[in-house]
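Keeping their order, the protein sequence lines are chains A and B.
So for the first sequence, my numbering puts the first residue at 87; every next one is plus one.
So for the second sequence, my numbering puts the first residue at 87; every next one is plus one.
For reference, the structure discussed in these notes is given below.
Number of protein chains: 2
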Amino acid sequence: MQQTISFNPRYIGQMITGTLGPDGSYSGKAARQWSSGKLRFYDDIPDTVEGLLKNEVDFCVVPVENSLEGSVTLTLDLLMEHQLKVVGEEIVQVKHLLLSKARREDVKIIMSHPQALSQCRRFIKTNFREAEVRPALSTSHAARLASESKDIAAIASREAAEKYGLDILAENIQDRNENFTRFIVIGKNTPPPTGNDKTSIIVYLEKNRPGALYEILGEFSGNGIDLTKIESRPTKKVLGDYLFYIDIKGHIDDGKIKETLGRIKNMVGMLKIIGSYPVAK
Amino acid sequence: MQQTISFNPRYIGQMITGTLGPDGSYSGKAARQWSSGKLRFYDDIPDTVEGLLKNEVDFCVVPVENSLEGSVTLTLDLLMEHQLKVVGEEIVQVKHLLLSKARREDVKIIMSHPQALSQCRRFIKTNFREAEVRPALSTSHAARLASESKDIAAIASREAAEKYGLDILAENIQDRNENFTRFIVIGKNTPPPTGNDKTSIIVYLEKNRPGALYEILGEFSGNGIDLTKIESRPTKKVLGDYLFYIDIKGHIDDGKIKETLGRIKNMVGMLKIIGSYPVAK
Numbered sequence: 087m088q089q090t091i092s093f094n095p096r097y098i099g100q101m102i103t104g105t106l107g108p109d110g111s112y113s114g115k116a117a118r119q120w121s122s123g124k125l126r127f128y129d130d131i132p133d134t135v136e137g138l139l140k141n142e143v144d145f146c147v148v149p150v151e152n153s154l155e156g157s158v159t160l161t162l163d164l165l166m167e168h169q170l171k172v173v174g175e176e177i178v179q180v181k182h183l184l185l186s187k188a189r190r191e192d193v194k195i196i197m198s199h200p201q202a203l204s205q206c207r208r209f210i211k212t213n214f215r216e217a218e219v220r221p222a223l224s225t226s227h228a229a230r231l232a233s234e235s236k237d238i239a240a241i242a243s244r245e246a247a248e249k250y251g252l253d254i255l256a257e258n259i260q261d262r263n264e265n266f267t268r269f270i271v272i273g274k275n276t277p278p279p280t281g282n283d284k285t286s287i288i289v290y291l292e293k294n295r296p297g298a299l300y301e302i303l304g305e306f307s308g309n310g311i312d313l314t315k316i317e318s319r320p321t322k323k324v325l326g327d328y329l330f331y332i333d334i335k336g337h338i339d340d341g342k343i344k345e346t347l348g349r350i351k352n353m354v355g356m357l358k359i360i361g362s363y364p365v366a367k
Numbered sequence: 087m088q089q090t091i092s093f094n095p096r097y098i099g100q101m102i103t104g105t106l107g108p109d110g111s112y113s114g115k116a117a118r119q120w121s122s123g124k125l126r127f128y129d130d131i132p133d134t135v136e137g138l139l140k141n142e143v144d145f146c147v148v149p150v151e152n153s154l155e156g157s158v159t160l161t162l163d164l165l166m167e168h169q170l171k172v173v174g175e176e177i178v179q180v181k182h183l184l185l186s187k188a189r190r191e192d193v194k195i196i197m198s199h200p201q202a203l204s205q206c207r208r209f210i211k212t213n214f215r216e217a218e219v220r221p222a223l224s225t226s227h228a229a230r231l232a233s234e235s236k237d238i239a240a241i242a243s244r245e246a247a248e249k250y251g252l253d254i255l256a257e258n259i260q261d262r263n264e265n266f267t268r269f270i271v272i273g274k275n276t277p278p279p280t281g282n283d284k285t286s287i288i289v290y291l292e293k294n295r296p297g298a299l300y301e302i303l304g305e306f307s308g309n310g311i312d313l314t315k316i317e318s319r320p321t322k323k324v325l326g327d328y329l330f331y332i333d334i335k336g337h338i339d340d341g342k343i344k345e346t347l348g349r350i351k352n353m354v355g356m357l358k359i360i361g362s363y364p365v366a367k
């Protein structure tokens with residue numbers, strides 16, 4: 087029990103979790119799923135992570151992957167840059183609404199985060215052909231701006247509508263219905279195994295060794311370890327030079343995982359373990 | 087010679103190439119590298135590709151990968167959605183400048199495409215702590231807006247400075263110097279082999295078959311075919327279900343490549359060949 091408490095801040099009211107603001111964001115929703123404690127809102131993903139590094143918060147919750155848009159690359163890059171531990175994940179269903187103080191026929195500008203705008207592209211083209219489409223820093227930021235204007239509509243969440251006192255002009259306006267975002271919880275210590283865990287690693291293969299990735303996957307496959315995700319990211323040094331972000335099933339405390347990662351470490355240029363954590367429900 | 091001419095519009099003045107506008111964009115620069123013919127500018131990547139599908143243009147040039155930011159996922163998704171052929175690639179070095187009609191001390195708003203803003207994050211934080219950072223649809227769009235304002239500065243290219251008559255307040259302001267973007271040229275027919283080609287494919291592995299990727303890579307490795315890139319993208323159906331975008335060395339007309347892809351086709355849920363084309367210099 088002691089261990090569970092120390093890693094689930096839901097039971098510790100005084101814990102502070104940092105996330106993307108302003109309030110009414112999907113990130114805020116994920117942070118509330120993770121913790122019933124206090125939230126602290128930041129302007130962007132790097133600021134949120136910095137808040138954790140500066141000990142302003144105990145955990146932070148940031149988006150890492152959307153079922154339509156793919157990875158949030160800024161988050162992946164920060165995991166490479168800093169010594170952080172992924173300690174959990176939360177999944178939130180994204181349901182966009184069109185929110186405004188204006189009547190539908192008076193809307194001249196539609197604002198939202200660029201990802202939300204692109205997820206509602208067809209809706210906007212069909213219903214607001216004449217409107218100016220303007221990007222904002224976040225969906226909730228767009229909602230706040232809409233609440234101060236007579237001709238702006240924001241694409242944002244139901245929580246944002248309530249928070250900023252906006253009317254709902256349309257619901258469920260995304261072009262595809264299945265729209266989920268996965269958030270990661272970042273902390274400083276690895277939680278203990280639960281029996282249903284994931285381990286995330288970053289690997290740098292030596293350049294000009296085309297068979298290297300095949301050999302690494304062979305280590306996992308040969309030891310009965312399941313990959314749940316593999317993704318490449320640029321090293322930011324040379325175009326065409328990549329890091330691989332790999333998620334596998336299991337916890338780093340499992341002997342099999344530990345041994346396999348130990349062998350892989352000797353085969354690659356770099357291996358970084360960024361966390362073992364319970365799989366989201 | 088005949089073959090070269092039919093695939094390099096540099097020699098055909100009347101060819102029209104579509105790309106991202108307005109003029110002064112990095113995409114425009116890539117399009118001019120590809121063709122000396124006419125350019126037609128579009129608002130965004132989907133509109134540019136649509137222009138090709140509607141035969142408004144003969145080719146289109148769109149960004150696919152940046153050495154700092156990684157893949158342009160919108161472009162990858164359109165390659166999956168439509169029957170298009172990648173027929174070439176162009177690489178452009180990105181050098182951001184701060185451009186304005188205002189003096190440096192009068193700048194209140196800094197605008198650019200979100201990627202450019204994030205690439206100059208440190209510069210902005212150090213030099214314009216008080217400025218409002220506002221996203222725009224493209225770097226050249228930001229430059230156009232700056233040319234109509236007394237307190238906006240845009241982060242954009244040297245070409246944009248010239249095009250919109252803006253003063254250069256600062257040069258080379260990106261946080262990292264090595265900043266290259268790879269563009270793909272999309273057309274409708276596969277160009278013939280040149281001896282230094284790449285083939286791009288999309289593969290869908292059956293879900294819940296963790297070893298499948300390993301087997302595919304084994305086919306390439308066993309036949310001496312080099313991978314130059316592998317990247318996962320969501321299928322947009324279920325969170326955690328992926329397509330793989332793979333680039334290999336060689337042309338689809340090479341017997342070895344053709345046979346290997348033939349075998350792989352029988353091992354996977356879907357294999358789509360999106361083009362064989364000369365490697366960029």
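Note that beta-carbon positions come from the ideal geometry of N, C-alpha and C, so glycine has one too.
Computed from a prediction, not measured in an experiment: that's the story for all the values here.
Exercise. Of the residues Ala188/A, Pro278/A, Ile177/A, which one's Cα is nearest the Cα of Glu151/A?
Worked result: Ile177/A
Exercise. Applying a beta-carbon distance threshold of less than 9 Å, which residues of chain B neighbour Glu264/A?
Worked result: Here the neighbours are Lys322, Lys323, Val324, Leu325.
Exercise. Using a Cβ cut-off of 9 Å, which residues of the stretch 175 to 194 of chain B contact any Cβ in chain A, in chain order?
Worked result: Ile177
Exercise. With a CB to CB cut of under 7 Å and the five nearest residues on each side skipped, what residues in its chain are close to Phe306/B?
Worked result: Leu313, Ile334, Thr346
For this session: Tell me, to the nearest whole angstrom, how far the beta carbon of Thr276/B is from that of Gly361/B; I am working on the premise that it is less than 8 Å.
Result: 6 Å
Problem set entry | Range covered by the beta strand (DSSP E) that runs through Leu203/B | That residue, Leu203/B, is in no beta strand (DSSP E); its alpha helix (DSSP H) goes 200 to 205.
Exercise. Where in the stretch 265 to 337 of chain B do unbroken runs of the beta strand (DSSP E), each at least 3 residues long, occur, reported from the N-terminal end onward?
Worked result: 266 to 273, 283 to 290, 313 to 320, 328 to 335
Exercise. Given a limit of 8 Å on CB to CB distance, which residues of the stretch 125 to 145 of chain B reach chain A?
Worked result: Pro132
Exercise. Can you give the Cα-Cα distance for Tyr363/A and Lys249/B, rounded to whole angstroms?
Worked result: 52 Å
Exercise. Within 8 Å (strictly less), CB to CB, does Ser233/A reach chain B?
Worked result: no
Exercise. In the DSSP assignment, what are the bridge partners of Val219/B?
Worked result: For Val219/B, DSSP records a beta bridge to Ile196/B.
Exercise. Terminal residues of the continuous beta strand (DSSP E) containing Ile359/A?
Worked result: 356 to 364
Exercise. Which chain B residues sit within Cβ distance under 7 Å of Glu155/A?
Worked result: Result: Thr159.
Exercise. What is the DSSP secondary structure of Glu151/A, counted as helix, strand or coil?
Worked result: Note: Glu151/A maps to strand in three-state DSSP.
Exercise. How long is the line joining the alpha carbons of Trp120/A and Thr105/A, rounded to whole angstroms?
Worked result: 11 Å
Exercise. So what's Glu167/B in DSSP terms, helix, strand or just coil?
Worked result: helix
Exercise. What did DSSP end up calling Arg262/B once you bin it into helix, strand or coil?
Worked result: When secondary structure is reduced to three states using DSSP, Arg262/B falls in the coil class, being assigned neither helix nor strand.
Exercise. Would a C-beta distance cut-off of 8 Å place Ala222/B and Leu185/B closer than the cut-off?
Worked result: No, the pair does not count as a contact, with Cβ atoms beyond the cut-off.
For this session: Please compile the residues from chain B whose C-beta is within a distance smaller than 7 Å of the C-beta of Arg268/A.
Result: By Cβ distance, chain B contributes Leu325.
Exercise. By DSSP, does Leu139/A sit in helix, in strand, or in coil?
Worked result: helix
Exercise. Quick one: Cα of Leu252/A to Cα of Leu170/B, how far?
Worked result: 42 Å
Exercise. How many angstroms separate the CA atom of Phe127/B from the CA atom of Gly326/B?
Worked result: 36 Å
For this session: Report, in whole angstroms, the separation of the C-beta atoms of Lys187/A and Lys236/A, which I expect to be a contact under 8 Å.
Result: Between Lys236/A and Lys187/A the Cβ distance is about 6 Å, and since that is below 8 Å, they are a contact.
Problem set entry | Bridge partners - Lys124/A, DSSP secondary structure assignment | Ile102/A
Exercise. What residues of chain A sit near Pro200/B, judged by a beta carbon separation below 8 Å?
Worked result: Those are Pro200, Pro221, listed as they occur along chain A.
Exercise. So Ser235/B is in the alpha helix (DSSP H); what residue range does that whole segment cover?
Worked result: It is not in any alpha helix (DSSP H) - Ser235/B carries neither H nor E in the DSSP assignment.
Exercise. Taking contact to mean at least 3 C-beta pairs separated by less than 8 Å, is the stretch 285 to 292 of chain B in contact with the stretch 200 to 218 of chain B?
Worked result: no
For this session: Report yes if the C-beta distance between Ile195/A and Arg220/A is below 8 Å; otherwise report no.
Result: Yes.
Exercise. Taking all protein chains shown into account, do 16 or more other C-beta atoms lie within 10 angstroms of the C-beta of Thr212/B, making it buried, or fewer, making it exposed?
Worked result: exposed
Problem set entry | Own chain, CB closer than 7 Å to Phe269/B, minus 5 neighbours either side, in chain order | Ser113, Ala116, Val147, Val148, Pro149, Val150, Glu175, Glu176, Val178
Problem set entry | Nearest candidate by alpha-carbon position, reference Asp130/A, set Tyr300/A, Val158/A, Ile338/A | Val158/A
Problem set entry | Closer than 8 Å at the beta carbon, the chain A residues around Tyr300/B | Identification of chain A residues near Tyr300/B by a Cβ-Cβ cut-off of 8 Å yields Tyr300, Leu303, Gly304, Phe306, Ser307, ordered along the chain.
For this session: For Lys315/A, return the contacting residues in chain B, with the cut-off set at a CB-CB distance below 8 Å.
Result: Ser318, Gly326, Tyr328
Exercise. Tell me which same chain residues have a C-beta within less than 8 Å of the C-beta of Asn282/A, skipping the five on either side of it?
Worked result: Pro364, Val365
For this session: Could you spell out where the beta strand (DSSP E) holding Ala256/B opens and where it closes?
Result: 253 to 256
Exercise. Taking the Cβ atom as the reference point for each residue, do Ser286/A and Val193/A lie within a distance shorter than 8 Å?
Worked result: Between Ser286/A and Val193/A, the C-beta gap is not smaller than 8 Å, which leaves the two residues out of contact.
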